[in-house]
Amino acid sequence: MCLNYKQAILAGVISEAVIFLLISAMMFTPLWGTEVQKYINMLVGAVVAYLVAYYFYFKKKPKDAVKEGLLLGVVFVAVSVIIETPVMAFGFAKDMGLAWFAQWHLLASYLLGMVACMVAATMKKK
8 MCLNYKQAIL
18 AGVISEAVIF
28 LLISAMMFTP
38 LWGTEVQKYI
48 NMLVGAVVAY
58 LVAYYFYFKK
68 KPKDAVKEGL
78 LLGVVFVAVS
88 VIIETPVMAF
98 GFAKDMGLAW
108 FAQWHLLASY
118 LLGMVACMVA
128 ATMKKK
């Protein structure tokens, strides 16, 4: 089985939309702007990536589950960066510009999302 890019991109958009809604809801909590919030954001991103990959994208366990999961994770990251660039790098965080994406917690979140997709692929039953 090879990666279905249309479905992978759609899954990435769904994942990004759910993450955006959940993280936006956190703006109204006392945790917003704290170091704890960065860890919660990473956890939310990984859990959402896993759930979307497991329940939406992978219908059965792929032949090469780790590779398929990694490729899906890379598509998720690409979709996220494409969606977030105009909003964050040229909008809310324009003083940082593209350096926005070099923050440790965003890089860790992208890595955790890729790992979550690989885990989802390997845990799917045949």
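Whatever position you read off the sequence shown (first residue = 1), add 7 for this note's numbering. Quick reminder that beta carbons are idealized off the backbone N, C-alpha and C, glycines included.
What does a CB cutoff of less than 8 Å around residue i pick up in its chain, not counting 5 residues either side in sequence?
i, result
"residue 132", "67 and 68"
"residue 78", "10 and 15"
Please look up how many angstroms separate the CB atoms of residue i and residue j, rounded, as I've assumed it's under 8 Å.
i, j, result
"residue 20", "residue 86", "6 Å"
"residue 120", "residue 76", "Actually they are not in contact, since the Cβ atoms of residue 120 and residue 76 sit about 11 Å apart, beyond 8 Å."
"residue 54", "residue 22", "Incorrect: roughly 10 Å between the Cβ atoms, too far for contact."
"residue 125", "residue 73", "5 Å"
Would you kindly work out how many angstroms separate the C-alpha atoms of residue i and residue j, rounded to a whole number?
i, j, result
"residue 32", "residue 47", "12 Å"
"residue 27", "residue 83", "13 Å"
"residue 50", "residue 109", "18 Å"
"residue 52", "residue 25", "9 Å"
"residue 89", "residue 29", "19 Å"
"residue 61", "residue 13", "17 Å"
"residue 71", "residue 34", "39 Å"
"residue 100", "residue 36", "20 Å"
"residue 127", "residue 63", "11 Å"
Starting from the C-beta of residue i, find all residues in its chain whose C-beta is less than 6 Å away, skip the five residues before and the five after it, and write them out in chain order.
i, result
"residue 105", "96"
"residue 115", "49"
"residue 107", "95, 96 and 100"
Subject >> Runs of beta strand (DSSP E) wholly within the stretch 13–81 (minimum 3 residues, chain order) >> reply: The qualifying runs do not exist here; there are none.
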